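Below you'll find the structure, written out as structure tokens, and then a few comments.
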Amino acid sequence: MKNRLLSIIGLCVLVFALTGCLGPRPVLQGYTTMPPAPNSDKPYSIDATITNAGPGSGQVEVVVSLTNEQNGETIAQDTRDFDLAKDETQHIVFNIDLPLSARSLDPSQIKVNIDAHYPIE
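Numbering (the working numbering), first residue to last: 1067 to 1187.
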């Protein structure tokens, strides 16, 4: 009897711990880019739409990386942390300054990578 009671209590604690730790599940719904003209000092703008498809709310992280398609090198990167409530959708705007070495690239040679995740590492 005592073992059964301990098993039930242990199971209840486990279920409570698991449901208490379930946070958001950020999903990238889409994004738009507004690259600067070649040789411009204006930033590369990205508007990412992130939706919470998870059962809870919490802080999520979105990382945007710009990569040179020709050689695979990362040109620039930016990270944002924000709170995402259950069933919420947010637009996150990134304005990333390109280094001088990448300003002459044609916008079609710049690949945009977006990663949204929880928990924040």
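C-beta: ideal position from N, C-alpha, C; glycine also. Being a predicted model, the structure only gives us computed values, none of them experimental.
Provide the residue span of the beta strand (DSSP E) that contains P1092, from first to last. 1092-1100
Does the beta-carbon of V1128 have 16 or more other beta-carbons within 10 angstroms, so that it is buried, or is it exposed? buried
Please report the straight-line C-alpha distance between T1140 and A1103, rounded to a whole angstrom. 19 angstroms
Within a Cβ cutoff of 6 angstroms, which residues of the same chain sit near R1169, ignoring the five residues on either side of it in sequence? N1105
Cβ distance (whole Å) where D1113 is taken to contact V1159 below 8 angstroms: 5 angstroms
Here's a check: name, in chain order, each residue in its chain whose Cβ is nearer than 6 angstroms to the Cβ of T1115, leaving out the five neighbours to either side. Q1095, G1096, H1157
State the Cα-Cα distance for the pair E1154 and L1171, rounded to the nearest angstrom. 36 angstroms
Please return the same chain residues whose Cβ sits closer than 7 angstroms to the Cβ of P1092, not counting the five positions on each side in sequence. I1116, N1118, V1126, L1150, A1182, H1183, Y1184
When burial is assigned at 16 or more other CB atoms within 10 Å of the CB, is L1088 buried or exposed? exposed
If the criterion is Cβ atoms closer than 8 angstroms, does the pair P1121 and Y1110 meet it? no
Going along the chain, which residues of its own chain have a beta-carbon closer than 6 angstroms to the beta-carbon of N1161, five neighbours each way excluded? P1109, S1111
Quick test of your reading: Q1175 and Q1136, contact by CB under 8 angstroms. State the CB separation rounded to the nearest angstrom. 6 angstroms
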